[in-house]
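Colleague: Here it is, the structure in full.
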Amino acid sequence: MPNLALYRKYRPDKFSSVVGQDIITKILRNQIQTDRIGHAYLFSGIRGTGKTSMAKIFAKAVNCEHPIDGNPCGECESCKRLEASNDLNVVEIDAASNRGVDEVRDLKDKIKYPPSNGKYKVYIIDEAHMLTKEAFNALLKTLEEPPDHAILILATTEPQRLPSTILSRCQHYNVKPISQEVITNALKEITNKENINIEDSALSEIAKRGDHSMRDSLSLLDQCADLELPGELITLDSVQNFLGISPAEQLSTIAQYHAAGDGDGLIKYLNLLRQNGTNDQILLEDLSNFYQNLLYFKITGNKDNNFEQSYEDLKDSFTLDELYLTIDTLLKAHSRLKFNSLGEIVTNTALLSLCIQDYPQEVAVKRKSKPVIPAPVKTVEKVIKENVEPSPKVNENKSEPNVINEPTENINVEEIKSSEPVKIEEDKESPKVEQVVDK
Numbered sequence: 114m115p116n117l118a119l120y121r122k123y124r125p126d127k128f129s130s131v132v133g134q135d136i137i138t139k140i141l142r143n144q145i146q147t148d149r150i151g152h153a154y155l156f157s158g159i160r161g162t163g164k165t166s167m168a169k170i171f172a173k174a175v176n177c178e179h180p181i182d183g184n185p186c187g188e189c190e191s192c193k194r195l196e197a198s199n200d201l202n203v204v205e206i207d208a209a210s211n212r213g214v215d216e217v218r219d220l221k222d223k224i225k226y227p228p229s230n231g232k233y234k235v236y237i238i239d240e241a242h243m244l245t246k247e248a249f250n251a252l253l254k255t256l257e258e259p260p261d262h263a264i265l266i267l268a269t270t271e272p273q274r275l276p277s278t279i280l281s282r283c284q285h286y287n288v289k290p291i292s293q294e295v296i297t298n299a300l301k302e303i304t305n306k307e308n309i310n311i312e313d314s315a316l317s318e319i320a321k322r323g324d325h326s327m328r329d330s331l332s333l334l335d336q337c338a339d340l341e342l343p344g345e346l347i348t349l350d351s352v353q354n355f356l357g358i359s360p361a362e363q364l365s366t367i368a369q370y371h372a373a374g375d376g377d378g379l380i381k382y383l384n385l386l387r388q389n390g391t392n393d394q395i396l397l398e399d400l401s402n403f404y405q406n407l408l409y410f411k412i413t414g415n416k417d418n419n420f421e422q423s424y425e426d427l428k429d430s431f432t433l434d435e436l437y438l439t440i441d442t443l444l445k446a447h448s449r450l451k452f453n454s455l456g457e458i459v460t461n462t463a464l465l466s467l468c469i470q471d472y473p474q475e476v477a478v479k480r481k482s483k484p485v486i487p488a489p490v491k492t493v494e495k496v497i498k499e500n501v502e503p504s505p506k507v508n509e510n511k512s513e514p515n516v517i518n519e520p521t522e523n524i525n526v527e528e529i530k531s532s533e534p535v536k537i538e539e540d541k542e543s544p545k546v547e548q549v550v551d552k
C-alpha cells in the first residue's frame, strides 16, 4: 500500500484542527451550537488554506448526532459514514469538470428530495468560479429559495468571477492566507509526530516557500523528509539546495553586481547559481523580497536578521526611486515567467537592464556616481548620460560663420535693449496700410 501523503494524512476533521482560520471556525461552531444554520455559504481564498476542509467539517457537523462545542463527534453513525465516503447526504461537485447548465439542472432536480437519514442534505460545489453564466442563472433560484433540508456550500479561489447575484445570496467567508509563523508551528508538530529530524530554520524556509498555503507547505515537507535517511538531520542548506532557493549571501552578491553596474560579472554569477540548481522564478521572488526589505530599511531603519550586514553595505548604493523601479522590473519579469518557458532569458534581460541603468531621465539625473561596493564585487564608476541634446558647436570655417554662436559685429546688444521702440510711419495714401492699422 502506498504511503499516504502528509497533506491527506493531516487534513483537518474538526474545526479545532483547522490551521489559521480561528474567526471563521468560531462562527461556524456557534451556528452549529445555536442551530442558526444558513442555507448558502461561500468560502473564498487562496489554495490550500482550508476552504474545502471547512465545508466538509460543516457538512459533517450539521448531521452529527452528538456535536461537541460545534465540532463533529466523529463517533456517531453519521460521522463514520462521511469519513468512509458512504454518506449520500453530502454531495461534492467539481465545477471545473461539471460546469454546464445541464449539471446544475440535475442538481436542482435532486435537491428537492429530503435526506435518507439526518437533518440536512449538503451540496459542496468546489471551484465554483468555473461554472458558466447559464449555469449560474440556473443555480440562482435554488440559492434564493432552497428546500429547508438543503445547504449549498460554494468554494472558490476567484470570488470576483462570481456574479453579484450569487454573492448576495450567500454567507461569504474570506479564508485568509496563513502566516508563516503559524505554518511553521504546525509543521513542527507534524515532524514530531512523524519522527522527522529537521532543523527549525529549514521548517521556516519550507513554510515561507509554501506561500501562505498549508497544503503546499505539507507537500514540500513530504518531499524534503526524504532528503536524509530516517533519524539523520535535515539541514537548512539541503532544503535550500533542493528547492532552488538563493541564500542570503547570494542575493547580496547579486545586488552588489547591480550596484556596481557589472553586467558581465552578474551574468556569469547567475549561470553559476543555475549550475547549483537555482530556479529563476524563485530567484526573482527572493530578489523582489530582498530589494523590498532594503527599501524598508532605507525608510525605517528596520533590518532583517538574515541580511543585516548586506543592508548596511548597500543602503547608500541605491536611491529610493531606483529601488522602486528595481522592484517593479523584477515583479514584471516574474509575471512574464508564468507564460514563458525561456526563464533564463527573461531573468538575464531584467537584471541586465538594471545594470545598464535603464531608468527614466528624472531618476537617472539624480544619480551622479556609485559609492564604493564591498567585496567580492569590484567598484565600477558609472557615468550617467543625461537625455539632453548637446549644444551646437562653433563652425571653425571662418568663411561660413555660424549665425547662432557668432552675432553680427554691427549689432550692439546693449543699445538694442536701451533704445526706444521703433515707430512705423503710416502711409496715408495707401489704403491697405490704413486697413491694417485700423485692425
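So the number in this note's numbering is just where the residue sits in the sequence shown, counting from 1, plus 113.
Note that beta-carbon positions come from the ideal geometry of N, C-alpha and C, so glycine has one too.
Treat the numbers as computed from the prediction; the structure is a model and nothing was measured.
1. Going by C-alpha to C-alpha distance, which of N211, F355, S359 and K254 sits closest to C337?
2. Report the residue from P228, I238 and L400 whose alpha carbon sits nearest the alpha carbon of N211.
3. The beta strand (DSSP E) spanning I238 covers which residue range?
4. Can you tell me the Cα-Cα spacing of E457 and V203, whole angstroms?
5. Could you tell me the distance, in whole angstroms, from the CA atom of L465 to the CA atom of L141?
6. Quick one: what's H285 bridged to in DSSP?
7. Under the rule that 16 or more other beta-carbon atoms within 10 Å means buried, what is N176, buried or exposed?
8. Cβ of A463 within 7 Å of Cβ of T432?
9. Can you give me the Cβ contacts of I486 inside the same chain, cut-off strictly under 6 Å, excluding the 5 residues immediately before and after it?
10. Kindly indicate which three-state DSSP category I257 falls into: helix, strand or coil?
11. Is it the case that the Cβ atoms of S326 and Y120 are separated by a distance below 7 Å?
12. Determine the contact status of Y236 and I137, defining contact as a CB-CB distance below 7 Å.
13. Apart from the five residues just before and just after L117, which ones in its own chain have a Cβ nearer than 7 Å to its Cβ?
14. Here's a check: name, in chain order, each residue in its chain whose Cβ is nearer than 6 Å to the Cβ of E341, leaving out the five neighbours to either side.
15. Three or more beta-carbon pairs under 8 Å between the region 358-369 and the region 398-409, yes or no?
16. Output the boundary residues of the beta strand (DSSP E) element that contains E205.
17. Determine contact between the region 158-165 and the region 257-270, defined as no fewer than three beta-carbon pairs at a distance below 8 Å.
18. Along the chain, where does the alpha helix (DSSP H) that runs through I562 open and close?
19. Does the separation of the CB atoms of F249 and N184 fall below 7 Å?
20. Quick check on this structure: which residue in R124, D261, P360 and C468 has the alpha carbon closest to the alpha carbon of G376?
21. Using the rule of at least 16 other Cβ atoms within 10 Å of the residue's Cβ for burial, across every protein chain shown, is G414 buried or exposed?
22. Taking DSSP as the reference, what is the three-state secondary structure of L82?
23. What number of angstroms, rounded off, separates the C-alpha of L436 from the C-alpha of G187?
24. Can you tell me the Cα-Cα spacing of E178 and C189, whole angstroms?
Modeller: Here's the rundown:
1. F355
2. Nearest of P228, I238 and L400 to N211, Cα basis: I238.
3. Per DSSP, I238 belongs to the beta strand (DSSP E) from K234 to D239.
4. 48 Å
5. 52 Å
6. L155
7. buried
8. For A463 and T432, no; Cβs fall outside 7 Å.
9. Residue confidence for I486 is low, a pLDDT of 42 falling below 50, so the modelled location carries little weight; the figure read from the coordinates is stated next. Cβ neighbours of I486 beyond the five flanking positions: Q369, A372, A373 and T492.
10. The sequence shown places Glu at residue 257, rather than the Ile named in the question. In the structure shown, E257 sits in a helix (DSSP, three-state: H, G or I).
11. no
12. no
13. none
14. Same-chain partners within the cutoff: I347.
15. yes
16. V203 to D207
17. yes
18. Past the edges of the chain, shown from 114 to 552, lies residue 562, and the structure says nothing about it.
19. no
20. C468
21. Around the Cβ of G414, a 10 Å sphere holds fewer than 16 other Cβ atoms; the residue is exposed.
22. Because the chain is modelled from 114 through 552, residue 82 falls outside the range shown and cannot be assessed.
23. 54 Å
24. 6 Å
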